[in-house]
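Asks:
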Amino acid sequence: MPQTDPGILDPRIAVRRSTLADGRELIYFDDADSALPADRAIDERSLDPRPAVAEMRQDPLTGDWVSIAAARQNRAFLPPADADPLSPQTAANPSEIPSTYDVAVFENRSPSFGPALPEWPGGADAAASALAGVRAVGLERRLPSHGRCEVVCFSPEHEGSFGTQSVSRARTVIEAWAHRTAALSALPGVQQVFPFENRGREIGVTLPTRTARSTPTRT
Numbered sequence: 244m245p246q247t248d249p250g251i252l253d254p255r256i257a258v259r260r261s262t263l264a265d266g267r268e269l270i271y272f273d274d275a276d277s278a279l280p281a282d283r284a285i286d287e288r289s290l291d292p293r294p295a296v297a298e299m300r301q302d303p304l305t306g307d308w309v310s311i312a313a314a315r316q317n318r319a320f321l322p323p324a325d326a327d328p329l330s331p332q333t334a335a336n337p338s339e340i341p342s343t344y345d346v347a348v349f350e351n352r353s354p355s356f357g358p359a360l361p362e363w364p365g366g367a368d369a370a371a372s373a374l375a376g377v378r379a380v381g382l383e384r385r386l387p388s389h390g391r392c393e394v395v396c397f398s399p400e401h402e403g404s405f406g407t408q409s410v411s412r413a414r415t416v417i418e419a420w421a422h423r424t425a426a427l428s429a430l431p432g433v434q435q436v437f438p439f440e441n442r443g444r445e446i447g448v449t450l451p452t453r454t455a456r457s458t459p460t461r462t
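FYI, this note's numbering numbers position 27 of the sequence shown as 270, with every residue one higher than the one before it.
(1) Whose C-beta lies closer than 7 angstroms to the C-beta of PRO245 among residues of the same chain, with five residues either side of it excluded?
(2) Using three-state DSSP, classify PHE397 as helix, strand or coil.
(3) If we count Cβ pairs, one from each stretch, closer than 8 angstroms, do we get three or more for the stretch 337-351 versus the stretch 267-274?
(4) In whole angstroms, what separates the C-alpha of ARG412 from that of ILE285?
(5) Find the nearest neighbour of VAL380 within the set ALA264, GLU298, THR305, judged by alpha-carbon distance.
(6) At which residues does the beta strand (DSSP E) containing SER261 begin and terminate?
(7) Should GLY376 go down as buried or exposed, given a rule of 16 or more other Cβ atoms within 10 Å for buried?
(8) On a CA-only basis, which of PRO337, GLY390, GLN301 is nearest VAL433? Give me that one, please.
(9) So what does ASP273 bridge to, in DSSP terms?
(10) Whole-angstrom Cβ separation of SER355 and SER289, contact assumed at under 8 angstroms?
(11) Give the secondary structure of LEU430 by DSSP, where H, G and I count as helix, E and B as strand, and everything else as coil.
(12) Assuming ALA312 contacts SER388 under a Cβ cut-off of 8 angstroms, what Cβ separation, rounded to an integer in Å, is found between them?
(13) Is it buried or exposed for GLN301, if we count other Cβ within 10 angstroms and need 16 for buried?
(14) Would DSSP call GLU383 helix, strand or coil?
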């Protein structure tokens, strides 16, 4: 049987692509045994333009680069359940995902990296030179935080974790991780893809309870 999309191993898992009102990419991954219809609603919200690319600043003592993303100060912060931005949209809740879903992936509205990617008109040699410059250490060094941040939603339910999902849903989530890791690794300037699960106020999570995983990429 043919694959439904490059990077998907299980041909029963459908991949449906869409675009949010501000141009961000939204991808639905349907379970192998999904009962959802193929058609999905269109995002008809009026949204502000996407933020400018964040800035990285280098710590001269460690050589580490830290992303400073001022636009993230405007992100959703501990909203009530009826205003959950990861729930399917309703008339009362203009959330990030227009339709009900099994697994959904979309570009973060308030990214730590991006939303733009670097442009290296000189090709591979120019890219290699730029990356070598990143590894150098100095005072007051700053660079654009090029990259892409995505949110992976395991379920439209408000509570749960990967461990609470059905076997079918767990397979869909794993397929989505693999699909997005391969796709993001192929983007220009991306050196690392780091999937992690956001859970708990102790680490600064701004959504109280959610089966979601944020996947940022960086140069």
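By construction, the Cβ of each residue, glycine as well, lies at the ideal position given by its N, Cα and C atoms.
Replies: Quick look at the numbers:
(1) Annotation note: pLDDT 43 at PRO245 (below 50); position unreliable, coordinate value reported separately. For PRO245, where only same-chain residues beyond five positions count, the Cβ hits under 7 angstroms are PRO254.
(2) coil
(3) yes
(4) 24 angstroms
(5) THR305
(6) 257-262
(7) exposed
(8) GLY390
(9) ALA257
(10) With a Cβ gap of about 25 angstroms, SER355 and SER289 do not count as contacting.
(11) coil
(12) 7 angstroms
(13) buried
(14) coil
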